[in-house]
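Novice:
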Amino acid sequence: MSDSEEAPTSLAVSVPVGGVYDSEARTPQEESNGDTGRRRGRKRSSEQLQGEALLSAASHNDAATIRDLVQGGVSVDWADALGGGGQTALHLAAIAGHVDAVRCLIDLGASVNKVNDISSATPLHLAAMGRGTRERKLQVISALVAAGADCFIEDRYQSQPWHYAHDEVMRLAMKGPDFKLHKAILNRDEAALRQLLQTLDSSEQLNAVGPDGNTPLHVAASIACPIAVAALLKAGANPNERNEHGTMGLHTAANVLSEEIADLLLQAGAAIDGKSFLVHEYSSKGQNWVESPDPSSRGALSSPAFGMDRDVGDGGAEGKPSPRSRKEYKSVTAAEHETALHVAVRKGGVPMAKFLMARGAAPDLTDRAGKTPLHVALECLLEASRIGNGAETQGCMEMVRLLLENGACPRLGNPLWGRQRTTLHWAAQCGHVDALEVLVGCTFGLNRQRLLDAQDDKGMTAVMCAAQEGKVGCLEALLRNGADASIRNAEGLTARDIAAAGGMAAALCIIDTFATFASVA
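Position one of the sequence shown corresponds to residue 481 (our numbering), numbered consecutively onward.
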């Protein structure tokens, strides 16, 4: 037994839930029936019992029992398909960091590349993400690699074993990249970068995600280094590769407001309307071997797992998933589904937004929350007005105008505002006269009147919203621009009825004044 290895514990077929098996564990059907007793009417064969004993021995680092069981006829690769997730003894020993058990199983001919049913992980995947000291992990990894473990098999989440490494030594032991490219780019060392690009072994290194979750191309774009971006693209870097955060290089270029880098990426085939992936986290329920790994198992070299959205697709230039992407999670933790135009608008980059739309960016695509770039611009405008930042307010107004002039539809609303509500409903309810004026002013002809009189699912118009909230400035602007105050909502009420019911005397006065002018005219 190695000095760093822990001694085997006493064995029984039934072991704690944190280990392998619990003879009193309940089936899913028994769980749903509320049965708290033993498994009823269920007999386990001798083969099942011996197989469970092998898994138990592996989880307790009992090499002697492992050898006795296998030499006695138990298959060294026995896996429980009923409730154990298809884990073999080698899977369990590897994730626990049990060096003696791993070496014993390898010596007995265990398959080092067998995948489990939970996540299609090999013992090497589990060794990298598992428990135990760093020394024990390295010993297990070394034993598996020496026995022929394939370092490039991807699990269900499209990750190779090295993606779960906790440090550089462990990563390199599993034939992971060395990240020299990332360092050369961050140091702006053009000579070192060109030399490295000439000696690359594979495109995997060219598109490898580094310690900060970025590919070399993302790093180059993030520091606004067009020379590095051009060199990487020339060497074959994928302009649509996703980083750990689900974004493409074009998103990064938009974030740093670099039209030059965006142009280089687009010339190389970057998807102008590519969306960022959904951002998710693993369901963390502890370290049980039948559950998904805890986010901390990803180690110091990567961020928590990130998922790919099915709307983007699983293939092609726009939807090609990064080997680090994740697909099956339950909690969204950040804004996503954004296009580069969303990013440029959020950053207040009017020239960048203009550049992207000139190159074909669609102004009406929505993010995860249903927001178009116009909605983002209006939110930024409201915030700038709230804090009294005059210069920023003017910039936001310019952005709103730019989007409208380039085809953004003001009648498209955000589901969060209410069903079938338009941007004009939003402006009227918020009381933002300037936003309302520019929305109406940049809409012409029949579309203008349709916008002014658009009704939501309850029949409410923008005029009704302004009257209900007592936003007299917006109410006056709407009526001055030709909005119809006589329209009735689903309850048969007009804007005047709503103002009267709410005690909005000023709003009532404005409606009556415009009605008088209209009758005289």
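Every residue gets a Cβ at the ideal spot worked out from N, C-alpha and C, and that includes glycine.
Measuring straight from C-alpha to C-alpha, what distance separates K938 and M837?
Specialist: The alpha-carbon atoms of K938 and M837 are separated by roughly 35 Å.
Novice: Quick check: what's the CA-CA separation for L604 versus A590?
Specialist: Approximately 13 Å, taken between the alpha carbons.
Novice: In the DSSP assignment, find the unbroken alpha helix (DSSP H) run with I621 in it and report its ends.
Specialist: Here the alpha helix (DSSP H) through I621 covers 614-626.
Novice: Ignore the nearest five residues each way along the sequence and tell me which others in I598's own chain have a CB closer than 6 Å to its CB.
Specialist: Only G565 meet the Cβ criterion.
Novice: My assumption, with CB atoms under 8 Å, is that V625 sits in contact with M654. Please give the rounded CB distance.
Specialist: Contact holds; Cβ gap of about 7 Å.
Novice: Using a threshold of 8 Å, state whether the C-beta atoms of G553 and V592 are closer than that.
Specialist: For G553 and V592, no; Cβs fall outside 8 Å.
Novice: For the candidate residues Q640, E956, L588, A581, whose alpha-carbon lies nearest to that of S600?
Specialist: Closest option to S600, Cα to Cα, is Q640.
Novice: Taking all protein chains shown into account, decide if Q948 is buried (16 or more other Cβ within 10 angstroms of its Cβ) or exposed.
Specialist: It is buried - the Cβ of Q948 has at least 16 other Cβ atoms within 10 Å.
Novice: With DSSP as the reference, label I665 as helix, strand or coil.
Specialist: In the structure shown, I665 sits in a helix (DSSP, three-state: H, G or I).
Novice: Using only the alpha-carbon positions, how far apart do V913 and A750 sit?
Specialist: Rounded to whole angstroms, V913 to A750 spans 39 Å at the Cα level.
Novice: Is it the case that the segment 725-736 contacts the segment 815-834, given that we only count it when at least three CB pairs across the two stretches are under 8 Å?
Specialist: The segment 815-834 vs the segment 725-736: in contact.
Novice: Quick one: using the 10 Å Cβ neighbour count with 16 as the cut-off for buried, is S966 buried or exposed?
Specialist: Classification of S966: exposed, given that the 10 Å Cβ count is below 16.
Novice: Quick one, are the C-beta atoms of N894 and K951 less than 8 Å apart?
Specialist: No, the pair does not count as a contact, with Cβ atoms beyond the cut-off.
Novice: Rounded to whole angstroms, what is the Cα-Cα separation between P706 and L845?
Specialist: Roughly 28 Å separates the two Cα atoms.
Novice: Using a Cβ-Cβ cut-off of 6 Å (strictly less than) and excluding sequence neighbours within five positions of S622, which residues of its own chain qualify?
Specialist: The answer is none, since no qualifying residue turns up.
Novice: Go through its chain and collect everything with a Cβ distance to A864's Cβ below 7 Å, but skip five positions before and after it.
Specialist: So the list reads E872, T873, C876, once near-sequence residues are dropped.
Novice: Can you tell me whether DSSP reads T993 as helix, strand or coil?
Specialist: Here T993 sits in helix by DSSP.
Novice: Is it the case that the Cβ atoms of A559 and T545 are separated by a distance below 8 Å?
Specialist: Cβ distance not < 8 Å, so A559 and T545 don't count as in contact.
Novice: Taking one C-beta from the segment 697-712 and one from the segment 662-682 each time, how about it: are there three or more such pairs within less than 8 Å?
Specialist: A contact exists between the segment 697-712 and the segment 662-682.
Novice: Let's test the definition: count the other Cβ atoms within 10 Å of the Cβ of K834 and tell me whether it reaches 16, buried, or not, exposed.
Specialist: K834 should be labelled buried.
Novice: Taking the C-alpha atoms as reference points, what is the distance between E634 and V595?
Specialist: Their Cα atoms are separated by approximately 10 Å.
Novice: For the alpha helix (DSSP H) containing C705, list its first residue and its last residue.
Specialist: No alpha helix (DSSP H) contains C705, which DSSP labels as neither H nor E.
Novice: Thinking C-alpha only, which one of D977, G911, A688, C889 is nearest D658?
Specialist: Residue A688 is the option with its Cα nearest to D658.
Novice: Residues in its own chain within less than 6 Å of C989 by CB, not counting five upstream and five downstream?
Specialist: No residues qualify anywhere along the chain.
Novice: Are the Cβ atoms of P719 and A748 separated by less than 8 Å?
Specialist: The answer is yes: Cβ separation under 8 Å.
Novice: Tell me the rounded alpha-carbon separation between P843 and P890.
Specialist: Their backbone Cα atoms lie some 11 Å apart in a straight line.
Novice: Count the other CB atoms within 10 Å of the CB of F997; is the residue buried (16 or more) or exposed (fewer)?
Specialist: Exposed, because fewer than 16 other Cβ atoms sit within 10 Å of the Cβ of F997.
Novice: Please classify G925 as buried or exposed, where buried requires at least 16 other C-beta atoms within 10 Å of its C-beta.
Specialist: By the 10 Å Cβ count, G925 comes out exposed.
Novice: If you run the structure through DSSP and keep just helix, strand and coil, what is M944?
Specialist: Helix, per DSSP.
Novice: With a threshold of 7 Å on Cβ separation, who are the neighbours of S683 within its own chain once the five nearest residues in sequence on each side are excluded?
Specialist: Within the same chain, S683 has close Cβ partners G716.
Novice: Would you mind sorting A985 into buried or exposed? The rule is 16 or more other CB atoms within 10 Å of its CB.
Specialist: A985 comes out exposed.
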